[in-house]
Amino acid sequence: MKKSRFYVLCLALIVALTPLSAQEISYSVKKIWGDGTSHCAFTSLIHYKGNYYCTFREGASHIFDKEGKAEGKIRILSSPDGETWESVALVGKDGCDFRDPKLSIMPDGRMLVNFVASIYRDRKIQSRHPYVMFSTDGKTYTEPEMAKLDKKLTSNLDWIWRVTWHDKTGYAVSYNKSSKGDKKYTEAWLLKTKDGKRYNVVSQLDIDNFPNEATIRFLPDGRMVCMIRRERGDRQGLFGISEAPYKEWTWKKMGFQLGGQDFLYLNDDRIIMCSRSSAIKKATKTCVYKGTNNGRFEEILVLPSGGDCSYPGMLIVGDELWISYYSTHATRRAAIYLAKIPLKTLEAL
Numbered sequence: 006m007k008k009s010r011f012y013v014l015c016l017a018l019i020v021a022l023t024p025l026s027a028q029e030i031s032y033s034v035k036k037i038w039g040d041g042t043s044h045c046a047f048t049s050l051i052h053y054k055g056n057y058y059c060t061f062r063e064g065a066s067h068i069f070d071k072e073g074k075a076e077g078k079i080r081i082l083s084s085p086d087g088e089t090w091e092s093v094a095l096v097g098k099d100g101c102d103f104r105d106p107k108l109s110i111m112p113d114g115r116m117l118v119n120f121v122a123s124i125y126r127d128r129k130i131q132s133r134h135p136y137v138m139f140s141t142d143g144k145t146y147t148e149p150e151m152a153k154l155d156k157k158l159t160s161n162l163d164w165i166w167r168v169t170w171h172d173k174t175g176y177a178v179s180y181n182k183s184s185k186g187d188k189k190y191t192e193a194w195l196l197k198t199k200d201g202k203r204y205n206v207v208s209q210l211d212i213d214n215f216p217n218e219a220t221i222r223f224l225p226d227g228r229m230v231c232m233i234r235r236e237r238g239d240r241q242g243l244f245g246i247s248e249a250p251y252k253e254w255t256w257k258k259m260g261f262q263l264g265g266q267d268f269l270y271l272n273d274d275r276i277i278m279c280s281r282s283s284a285i286k287k288a289t290k291t292c293v294y295k296g297t298n299n300g301r302f303e304e305i306l307v308l309p310s311g312g313d314c315s316y317p318g319m320l321i322v323g324d325e326l327w328i329s330y331y332s333t334h335a336t337r338r339a340a341i342y343l344a345k346i347p348l349k350t351l352e353a354l
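Quick note: the sequence shown uses the numbering used here, first residue 6, plus one each step.
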């Protein structure tokens, strides 16, 4: 009897300590790809010409196979309703690791797929270049081709992570090795493109401690908002805002580490963000956060996830927020999941 009472009290305490917002969220999650035989990771999600598209890297593991080779491929799924999914493309190249595909819709109506192609030798990186593909129907895609970068930043180890379009121009952050030759540090550059192939420098971002993965969004007044991961020092992610021409930035530390983050605005000052959470060492999760333009964010939901996980794609569909992500919590190797969360629940928080 005493044990039962103790368990009940513990449960009540856990519920009491759980944020009210986290207790009230009701949502659905479904695995849409992966049977545990291959490692599926790093997602992106869009709606294009009547169908939904989810892309990700598919390989033997997070990077290398048993023979030490890294040969990840880009898989693209299509769905008419977000329930049933089929593969419409699987793109790879012998001896090359295709990684981190991101989908966006260009001003001319084409779909852009941007990703990185890395070559390793004896498990050591030799080169890394941004690549792109295009589609006019979501079914057929052009051959992968190397993006053309501004000569100011070409280092043979460049990585354009996600392209966001605004006023017929695509913007992205590229990171590469430090010009000082120190492999422990990176430089981050804001780039722009008109055609998805050629990228010119807008400004160099004055960010320390190994900046890399970055997501850009825009406010209605044209201000650019950027969320960027850092992997050294205090490792805290940065939240930044800049006015056109996007050369001067105001950065704020977010108080926690990011990993594969994406974010969307529900209104001018209400942000929903999804990222890997490393708050508990060796217990990583994929979490949803709410925040505002002051750079402060609060965890509101832990998606079913664990281990190697995160890298979400986010899309508002009707009265729901859809989040694609990957996780190893239920399969031997990472699988792809799709969460659907009612917007009214998020807007009420």
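Note that beta-carbon positions come from the ideal geometry of N, C-alpha and C, so glycine has one too.
My understanding is that residue i touches residue j, with C-beta atoms under 8 Å, so please give their C-beta distance in whole angstroms.
i      : j      : result
Asn215 : Thr191 : Reading off the sequence, residue 215 comes out as Phe, not Asn. Contact flag correct, Cβ pair sits at about 5 Å.
Leu162 : Ile212 : At roughly 17 Å, the Cβ-Cβ gap does not stay under 8 Å, so Leu162 and Ile212 are not in contact.
Glu63  : Arg80  : 5 Å
Ala339 : Cys45  : 5 Å
Ile233 : Val168 : At roughly 15 Å, the Cβ-Cβ gap does not stay under 8 Å, so Ile233 and Val168 are not in contact.
Trp170 : Pro225 : At roughly 15 Å, the Cβ-Cβ gap does not stay under 8 Å, so Trp170 and Pro225 are not in contact.
Ser247 : Arg228 : 7 Å
Met138 : Val96  : 7 Å
Ile346 : Glu325 : 6 Å
Phe47  : Arg104 : 7 Å
Roughly how many angstroms lie between the CA atoms of residue i and residue j, to the nearest whole one?
i      : j      : result
Gln28  : Asp86  : With a pLDDT of 48 at Gln28, under the threshold of 50, the predicted position of this residue should be treated as unreliable, and no value is reported.
Trp38  : Tyr176 : 30 Å
Glu303 : Glu72  : 42 Å
Cys231 : Thr220 : 6 Å
Gly55  : Ser183 : 43 Å
Phe69  : Asp274 : 41 Å
Thr141 : Gly114 : 7 Å
Ser26  : Val307 : With a pLDDT of 48 at Ser26, under the threshold of 50, the predicted position of this residue should be treated as unreliable, though the coordinate-derived value follows. Taking the straight line from one Cα to the other gives about 11 Å.
Trp256 : Asn298 : 11 Å
Tyr294 : Asp40  : 29 Å
Lys78  : Thr147 : 15 Å
Thr159 : Tyr53  : 32 Å
Leu351 : Val322 : 14 Å
Tyr379 : Lys74  : Outside the shown range of the chain, which is 6 to 354, sits residue 379, and nothing can be said about it.
Arg133 : Lys349 : 42 Å
Trp254 : Arg301 : 17 Å
Asn272 : Asp155 : 34 Å
His334 : Lys290 : 9 Å
Leu195 : Ile51  : 23 Å
Pro149 : Glu76  : 15 Å
Met319 : Pro135 : 22 Å
Ser43  : Ile285 : 27 Å
Trp166 : Gly245 : 17 Å
Glu88  : Ser33  : 11 Å
Ser123 : Met116 : 23 Å
Gly296 : Arg240 : 19 Å
Asp172 : Thr145 : 27 Å
Ser280 : Arg337 : 22 Å
Met278 : Lys197 : 24 Å
Please state whether the Cβ-Cβ distance between residue i and residue j is less than 8 Å.
i      : j      : result
Lys157 : Thr174 : no
Leu354 : Ile276 : no
Trp164 : Val121 : yes
Leu269 : Lys35  : no
Val106 : Ser49  : Here the sequence assigns Pro to residue 106, which means Val is not the residue at that position. Closer than 8 Å, so yes.
Tyr251 : Ser208 : yes
Lys153 : Lys202 : yes
Tyr180 : Asn217 : yes
Met259 : Gly242 : yes
Ser109 : Val93  : no
Could you tell me if the beta carbon of residue i falls within a distance shorter than 7 Å of some heavy atom in the ligand ATP?
i      : result
Lys295 : Here there are no bound small molecules, and the ligand ATP is not part of this structure.
When the cut-off is 8 Å and only beta carbons count, does residue i lie next to chain D?
i     : result
Arg80 : The chain labelled as chain D is not found in the depicted structure, where only one protein chain is given.
- Query: With contact counted as at least three CB pairs below 8 Å, one residue from each stretch, are the stretch 317-332 and the stretch 49-59 in contact?
  - Reply: yes
- Is there contact between the stretch 306-324 and the stretch 262-278, where contact requires at least three CB pairs shorter than 8 Å? yes
- Whole beta strand (DSSP E) runs in the stretch 311-345 with 3 or more residues, listed along the chain? 315-322 and 325-332
- Task: Report the residue ranges of all beta strand (DSSP E) runs contained in full by the stretch 106-147; include only those spanning at least 3 residues, in chain order.
- Result: 116-126 and 129-140
- Let me know the beta strand (DSSP E) ranges lying completely inside the stretch 170-257, each 3 residues or longer, listed in chain order. Fully enclosed beta strand (DSSP E) runs of no fewer than 3 residues occupy 174-182, 191-198, 203-210, 216-223, 229-235 and 243-247 of the stretch 170-257, in order along the chain.
- Enumerate, from N- to C-terminal direction, the unbroken beta strand (DSSP E) stretches of 3 or more residues contained entirely within the stretch 35-64. 44-53 and 56-64
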